[in-house]
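Colleague:
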Amino acid sequence: MKQPLRFPDSATDDIPREIQELGRLISELDGPQSRELQDSFRHVVECVQRRRRILNLVQEALSQLRLDIKYLMFDLEITREENASLRAQLDETDRDDFGSSW
1 MKQPLRFPDS ATDDIPREIQ ELGRLISELD GPQSRELQDS FRHVVECVQR
51 RRRILNLVQE ALSQLRLDIK YLMFDLEITR EENASLRAQL DETDRDDFGS
101 SW
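For the sequence shown, my numbering begins at 1 and goes up steadily by one.
1) Classify Gly23 as helix, strand or coil using the three-state DSSP reduction.
2) Do the segment 15 to 32 and the segment 48 to 58 touch if we need at least three Cβ pairs shorter than 8 Å?
3) Roughly how far, in whole angstroms, is the beta-carbon of Ile19 from the beta-carbon of Val48, given that I think they are within contact range, below 8 Å?
4) Note down the Cα distance separating Val44 from Glu82, rounded to an integer number of angstroms.
5) Around the Cβ of Gly23, are there at least 16 other Cβ atoms within 10 angstroms (buried) or fewer (exposed)?
6) Is Phe41 buried or exposed, if buried means 16 or more other CB atoms sit within 10 Å of its CB?
Spelled out as structure tokens, the structure:
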């Protein structure tokens, strides 16, 4: 008695072709060990899907981190420029004050 695989069609895109082929072969088996193999196969598929979701989350987090770092680097550069400009103004003011007091 052949049983179809029990995962949605959309999920098969996340499953490597070799694992899909293994699932097809397991579903064609008959006998007492067939059920045990199908349960193990489902577990493997769930693990593969979970790992794929985790990998996607990590990739998204890394992309966000890269963007955040770019913003921080931009902010740091602007802050440095503002700091240098204000120091120059302060030095100029100090020179003016020092020169006028003599």
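Note that CB positions come from ideal geometry on N, CA and C, so glycine has one too.
Modeller: Straight from the coordinates:
1) As a first step, residue 23 is located in the sequence shown; it is residue number 23 there, counting from the start. Gly23 falls in the helix class under three-state DSSP.
2) yes
3) Taking the sequence shown and counting its residues from 1, one reaches residue 19 at position 19. Taking the sequence shown and counting its residues from 1, one reaches residue 48 at position 48. 6 Å between Cβ atoms; contact.
4) Here residue 44 is taken as the residue at index 44 of the sequence shown, counted from 1. Here residue 82 is taken as the residue at index 82 of the sequence shown, counted from 1. Taking the straight line joining both Cα atoms gives about 57 Å.
5) By 1-based counting over the sequence shown, the position of residue 23 is 23. Answer is buried; the Cβ neighbour count reaches 16.
6) For the purposes of this step, residue 41 is taken as the residue at position 41 of the sequence shown. Phe41 comes out buried.
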